[in-house]
Structures are given as C-alpha cells and as structure tokens.
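Going letter by letter, the sequence shown gives residues 5 to 492 in the working numbering. For each residue, glycine too, the CB sits at the ideal point set by N, CA and C. Below is one structure, written out as structure tokens; comments come after it.
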Amino acid sequence: MLATIDLGSNSFRLQVSRVVDDQLYALDVMKETVRLGAGLTADKHLNDDTQERALACLARFGERLRGFVPAQVRVVGTNTLRVAKNAPSFIAEAEERLGFPIEVIAGREEARLIYLGAAHSLPDTKERRMVVDIGGGSTEFIIGSHYKALVTESLPLGCVSYTLRFFPDGKLTRANFRDATLAARNEIQRIRHEYRPSEWQLAVGTSGTARSLRDVLEINDWSRADITLAGMEQLREVLIKQGSIDAVKVNGLKADRAPVLAGGLAIMIAVFEELEVEKMIVTEGALRDGVLYDLLGRQREKDMRDSTVALFKRRYHADTQQAERVNQLAERLYRMLAGEDVDQDMLKRLSWAAKLHEIGLTIAHTAYHKHSAYILQNADMPGFSKREQATLAAIVLGHRGDMGKMAQYISQPALWQAVVALRLAVLFYRSRINAALPAELDLRQHARGFTLSLSGDWLEANPLSASSFRQEVGQWKNVGFQLDIVQK
Numbered sequence: 005m006l007a008t009i010d011l012g013s014n015s016f017r018l019q020v021s022r023v024v025d026d027q028l029y030a031l032d033v034m035k036e037t038v039r040l041g042a043g044l045t046a047d048k049h050l051n052d053d054t055q056e057r058a059l060a061c062l063a064r065f066g067e068r069l070r071g072f073v074p075a076q077v078r079v080v081g082t083n084t085l086r087v088a089k090n091a092p093s094f095i096a097e098a099e100e101r102l103g104f105p106i107e108v109i110a111g112r113e114e115a116r117l118i119y120l121g122a123a124h125s126l127p128d129t130k131e132r133r134m135v136v137d138i139g140g141g142s143t144e145f146i147i148g149s150h151y152k153a154l155v156t157e158s159l160p161l162g163c164v165s166y167t168l169r170f171f172p173d174g175k176l177t178r179a180n181f182r183d184a185t186l187a188a189r190n191e192i193q194r195i196r197h198e199y200r201p202s203e204w205q206l207a208v209g210t211s212g213t214a215r216s217l218r219d220v221l222e223i224n225d226w227s228r229a230d231i232t233l234a235g236m237e238q239l240r241e242v243l244i245k246q247g248s249i250d251a252v253k254v255n256g257l258k259a260d261r262a263p264v265l266a267g268g269l270a271i272m273i274a275v276f277e278e279l280e281v282e283k284m285i286v287t288e289g290a291l292r293d294g295v296l297y298d299l300l301g302r303q304r305e306k307d308m309r310d311s312t313v314a315l316f317k318r319r320y321h322a323d324t325q326q327a328e329r330v331n332q333l334a335e336r337l338y339r340m341l342a343g344e345d346v347d348q349d350m351l352k353r354l355s356w357a358a359k360l361h362e363i364g365l366t367i368a369h370t371a372y373h374k375h376s377a378y379i380l381q382n383a384d385m386p387g388f389s390k391r392e393q394a395t396l397a398a399i400v401l402g403h404r405g406d407m408g409k410m411a412q413y414i415s416q417p418a419l420w421q422a423v424v425a426l427r428l429a430v431l432f433y434r435s436r437i438n439a440a441l442p443a444e445l446d447l448r449q450h451a452r453g454f455t456l457s458l459s460g461d462w463l464e465a466n467p468l469s470a471s472s473f474r475q476e477v478g479q480w481k482n483v484g485f486q487l488d489i490v491q492k
C-alpha cells in the first residue's frame with residue numbers, strides 16, 4: 005500500500021491506495037477543510053488558530069497512517085507553505101504530529117504531478133491536453149501528451165486568496181466579479197502565448213473548483229456534463245442576485261465549497277476568456293494521484309529525479325567522466341562513514357550532488373561551487389522537493405573552499421558525512437583522470453570528527469594531494485571538527 009497527503013491551501017487530503025499490476029486503487033480517502041490559505045496574515049504569517057486547526061487534522065491523519073513506513077508515504081505542501089514566512093516552524097511541529105516528513109514542492113513541480121494524476125484518470129489518446137487546476141492559493145496550467153507534461157506554469161490565482169481579496173466583506177456584486185476576473189486575466193495573459201488554442205486539443209479541469217462547477221452547471225441544466233462559459237455566466241448571475249456569500253444556496257453545491265466559490269468562478273471565467281476555451285471536461289485525478297504514481301515510479305526504479313539530474317548534466321555541459329569518478333568515490337567514502345546504518349536517502353542526494361557539483365562552471369570558474377549551489381537551490385527541478393534541492397545545494401556549496409560557510413548546518417550529522425565524502429573525493433580526483441587511489445583507504449567518524457587513513461607511499465608519490473589534505477585539516481577546524489590524516 006501507498007499513501008499521500010496533499011496539504012492544500014483550502015483542504016488537506018489523505019489517500020491510501022493499493023498497488024495492483026502497477027495501477028493504484030483507492031482504499032481510503034480523508035478530507036478536511038482547513039483553509040490554510042485563509043490563515044495567512046497581511047505580512048504572510050500563518051496565524052495561531054489556523055496552525056492549531058491544521059495540526060489537529062494532521063494528528064488524525066497520523067493515527068490513520070500508523071503501521072506505514074516512510075517509504076510508503078509522501079506528504080506534499082503547496083502554495084501557502086511556499087509563501088508563509090513561518091512555514092519552517094509550522095512544518096517542524098506538523099511533522100511531529102503526523103509522524104512523516106513534509107515536502108514543500110515548487111509550483112511547476114506541483115503542475116507536473118497534477119498532470120501525472122490527471123493523465124492516469126483519462127483515456128490514453130494522442131491529443132494534447134491542457135489541464136487547469138484551480139487550488140486555494142495558486143492555479144496550475146499544464147499542456148501534456150500521454151503521461152508527460154510538456155509545458156508547466158503556476159500562477160498566484162486561488163479560490164481562497166481571490167475570495168478574500170475581491171469579496172472581503174462577503175458581498176457578491178457585479179463590480180467585484182468584474183475586478184476579480186480582470187485581475188485573473190491579467191495574470192493569465194503572461195502565459196497566453198504558450199497556452200493558445202492551437203497548442204492543445206482538449207481542455208481538462210481538476211480538483212475542487214472544477215468539480216463543483218461541473219456539478220452545479222449540470223444539475224441546474226446550465227450545461228451538459230462539461231464546463232462552459234455560458235453556464236458559468238448563468239451561475240454568476242444567480243450569485244449576484246443572492247448578494248452575499250452567506251446567502252449562497254445553489255443546487256448541487258456542497259456546503260464546504262460555498263465560501264470559496266466566488267473566487268474560483270471568477271478565475272475559471274478568466275481562463276475561458278483569456279485562453280479561448282469553449283468547453284472543459286473534468287477528471288477526478290489530480291495532485292495526490294500524481295504524487296502516488298510518482299512514488300510508485302520511484303519504487304519501480306523509474307525515478308523522475310534521476311531523469312532531471314541527467315537533463316541538468318546535459319543542459320549545463322557537465323564533464324560526465326569526472327562527475328562519475330567523483331560520484332563513485334564519494335559514495336564509497338560515505339558508506340565507510342555510515343557503516344551498516346547507511347541513510348539511503350542521503351546517499352541518493354550525495355550521488356546527485358556529485359553528478360552536478362560542477363554545473364556552475366557554465367557561469368564562471370571563479371566560485372563555481374556557489375553558482376552550482378544557486379542553480380540547485382533555485383531552478384525548477386522536476387521530481388525534487390524544495391527541501392531536497394536545499395540539501396543538494398548545501399552539499400555542493402560545501403564541496404570546496406572555506407568551510408566557515410557551512411557552520412549553519414552544524415546540527416545535521418548526515419549532511420556533514422555527505423560533505424566530507426564529496427570534498428575528499430574531489431581532492432583525490434583533482435587531476436581529472438582515472439588516477440590510482442591508495443591501496444589502503446579508509447574513512448571513519450569519531451566523536452570529534454573524522455579519520456582518513458591511507459598509505460604513506462601514496463602520499464609520498466602524490467605531494468600535491470598530500471598538501472591539499474593538510475590544508476583540509478585546517479578547514480575542518482574552522483567549523484569545530486577534527487580531521488585526522490593517518491598513514492598506514
């Protein structure tokens with residue numbers, strides 16, 4: 005079994021699925037309307053009441069997931085956790101209540117996963133699809149074919165945020181709808197050239213806003229099965245007549261969707277008008293389904309992160325032979341340090357970091373490790389969470405130069421092991437050839453730092469390396485570690 009939790013800006017959703025012949029079948033689904041996005045203050049902090057509501061929900065989800073191991077569960081946070089300034093402290097408490105790590109994913113990664121989920125719930129046809137997912141704090145736009153997302157975008161348009169922004173007093177007026185729709189069109193206009201009708205053949209809506217609109221339009225006979233602009237305009241007129249969010253009563257509309265319907269409707273109308281959509285079908289597959297299929301792919305050795313690393317190596321013209329030399333030795337040294345208790349997740353991150361540690365050379369040789377780290381921290385990297393990117397960036401940043409810059413990571417022992425492994429591997433292969441390594445080579449951790457053991461004959465034959473290792477001893481002293489070089 006596999007499980008995922010989607011920490012959306014409007015709702016938190018837990019899905020437990022069974023895997024049968026590489027297909028996922030839902031066994032249990034839990035949803036709670038937390039309205040995380042509504043808890044953002046003007047200065048982008050989650051207020052205390054919203055945090056408590058969210059934490060209580062996650063404690064209940066954690067009880068449902070008792071007996072699961074981390075490899076079976078993936079928890080993703082989206083727009084609100086991307087923008088909240090106090091997200092790190094909230095996430096730390098949330099992980100403790102839930103019992104599993106939380107990954108905050110970038111907008112384009114969210115879009116990729118949404119498309120993956122939608123594609124698995126649609127017939128596999130040749131036509132290009134444009135998938136639109138209106139969430140609580142952002143809207144994702146994806147053009148894809150079969151199971152692959154080709155173009156991805158995430159814009160700051162959400163049913164929660166737009167309702168709060170344009171209908172703050174709950175009044176549903178024609179002027180408020182006009183302002184909300186124009187603001188959304190202004191955002192969508194920036195991506196219109198990539199999403200014009202000639203680029204896709206089928207428009208697909210996912211998630212709560214799209215499903216609610218489909219149901220309401222169909223039940224009230226304002227449209228037949230699909231979402232249409234004419235149907236939404238009829239719904240808008242009904243809402244304006246009702247006058248306020250508190251008074252909203254429409255056949256087919258669930259109670260938990262009424263408070264955010266106005267913002268979602270204005271955004272969807274803007275999508276239709278700006279991208280010239282005539283009709284949109286709705287599918288049940290969305291982010292949490294995509295996360296589950298992505299997790300299944302990792303277990304089947306079809307990890308999107310490996311594909312992304314390979315792409316970055318090509319894009320930034322990495323020296324593949326040097327990267328592989330360094331990678332193999334860094335992994336070997338890390339395993340020596342870890343012994344039998346190898347942190348497999350950190351080992352993977354070390355391997356990816358080793359393969360990409362020189363990508364900053366495409367910018368400049370001077371301080372290239374800083375350029376590499378910046379790219380890894382800030383680029384859109386399909387398959388990676390923001391936390392994983394931050395770890396890769398830290399390892400790469402620490403692989404050369406002054407160790408003082410790494411002092412902020414002093415409380416992460418697994419990260420230090422990865423850094424020392426990569427630093428030493430780079431020193432051993434400074435010549436960038438398949439040079440002979442010491443016959444006797446060992447790296448161990450002790451209470452105060454690390455011990456590197458190698459043959460004295462090798463050090464005598466490689467005076468440049470011997471000098472580099474002596475300098476390395478001083479670097480580790482700068483951050484309070486002891487690196488001992490022992491000759492055998």
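Outcome for residue i when other beta-carbon atoms lying within 10 angstroms are tallied against a minimum of 16
{"i": "glutamine 216", "result": "For the sequence presented, residue 216 should be read as serine rather than glutamine. Buried: at least 16 other Cβ atoms inside 10 Å."}
{"i": "threonine 493", "result": "Since the displayed the chain opens at 5 and closes at 492, residue 493 lies outside it and no answer follows."}
{"i": "asparagine 438", "result": "exposed"}
{"i": "glycine 235", "result": "buried"}
{"i": "isoleucine 223", "result": "exposed"}
{"i": "leucine 31", "result": "exposed"}
{"i": "glutamine 393", "result": "buried"}
{"i": "histidine 150", "result": "exposed"}
{"i": "threonine 213", "result": "buried"}
{"i": "alanine 443", "result": "exposed"}
{"i": "lysine 89", "result": "exposed"}
{"i": "proline 263", "result": "buried"}
{"i": "asparagine 51", "result": "exposed"}
{"i": "methionine 272", "result": "buried"}
{"i": "valine 20", "result": "buried"}
{"i": "serine 202", "result": "exposed"}
{"i": "serine 389", "result": "buried"}
{"i": "glycine 247", "result": "exposed"}
{"i": "serine 376", "result": "buried"}
{"i": "threonine 312", "result": "buried"}
Nearest-angstrom beta carbon gap, residue j and residue i [assumed within contact, 8 Å]
{"i": "valine 80", "j": "leucine 11", "result": "7 Å"}
{"i": "isoleucine 249", "j": "glycine 174", "result": "4 Å"}
{"i": "serine 13", "j": "valine 108", "result": "At roughly 12 Å, the Cβ-Cβ gap does not stay under 8 Å, so serine 13 and valine 108 are not in contact."}
{"i": "leucine 456", "j": "leucine 419", "result": "Not really, about 18 Å apart at Cβ, beyond 8 Å."}
{"i": "tyrosine 338", "j": "leucine 354", "result": "6 Å"}
{"i": "glycine 141", "j": "threonine 84", "result": "5 Å"}
{"i": "methionine 34", "j": "arginine 57", "result": "15 Å between Cβ atoms; not a contact."}
{"i": "histidine 373", "j": "leucine 333", "result": "So it is not a contact: roughly 18 Å between Cβ atoms."}
{"i": "alanine 266", "j": "leucine 176", "result": "6 Å"}
{"i": "valine 286", "j": "arginine 391", "result": "No, valine 286 and arginine 391 are not in contact; Cβ-Cβ is about 32 Å, not under 8 Å."}
As assigned by DSSP and simplified to three states, the class of residue i
{"i": "glutamate 280", "result": "coil"}
{"i": "isoleucine 95", "result": "helix"}
{"i": "threonine 54", "result": "helix"}
{"i": "isoleucine 109", "result": "coil"}
{"i": "phenylalanine 16", "result": "strand"}
{"i": "aspartate 488", "result": "strand"}
{"i": "alanine 75", "result": "helix"}
{"i": "aspartate 183", "result": "helix"}
{"i": "valine 24", "result": "strand"}
{"i": "tyrosine 29", "result": "strand"}
{"i": "glycine 289", "result": "coil"}
{"i": "valine 477", "result": "helix"}
{"i": "arginine 200", "result": "coil"}
{"i": "serine 389", "result": "coil"}
{"i": "leucine 154", "result": "strand"}
Same chain only: Cβ atoms within 7 Å of residue i, ignoring 5 sequence neighbours per side
{"i": "isoleucine 118", "result": "Val135, Asp137, Glu144, Ile146, Thr210, Ala290, Leu291 and Gly294"}
{"i": "glycine 301", "result": "Asp307 and Met308"}
{"i": "aspartate 323", "result": "Glu362"}
{"i": "leucine 62", "result": "Ala98, Arg101 and Leu102"}
{"i": "glutamate 278", "result": "Arg189, Ile192, Gln193 and Arg196"}
Identity of the residues DSSP links to residue i by a beta bridge
{"i": "glutamine 449", "result": "Phe454"}
{"i": "threonine 143", "result": "Ile138 and Leu159"}
{"i": "methionine 350", "result": "BP columns for methionine 350 are empty, so no partner."}
{"i": "isoleucine 231", "result": "Met284"}
{"i": "leucine 6", "result": "Ser21"}
{"i": "methionine 34", "result": "Leu18"}
{"i": "alanine 207", "result": "Met134"}
{"i": "lysine 245", "result": "Paired residues: none, contrary to the question."}
{"i": "serine 149", "result": "Lys152"}
Cβ neighbours of residue i in the same chain (closer than 8 Å, five flanking residues each side left out)
{"i": "valine 483", "result": "Met407, Gly408, Met410, Ala411 and Ile414"}
{"i": "leucine 431", "result": "Ser469, Ser472, Phe473 and Glu476"}
Same chain, Cβ closer than 6 Å to residue i, five either side skipped, listed in chain order
{"i": "leucine 206", "result": "Glu131 and Arg133"}
{"i": "arginine 299", "result": "With the sequence shown as reference, residue 299 is identified as leucine, and arginine is not the correct amino acid for it. Excluding sequence neighbours, leucine 299 sits near Leu6 and Arg78."}
{"i": "isoleucine 367", "result": "His375"}
Residue i: CB within 7 Å of a non-hydrogen atom of the ligand SAM
{"i": "tyrosine 119", "result": "No copy of the ligand SAM appears in this structure; indeed no ligand is present at all."}
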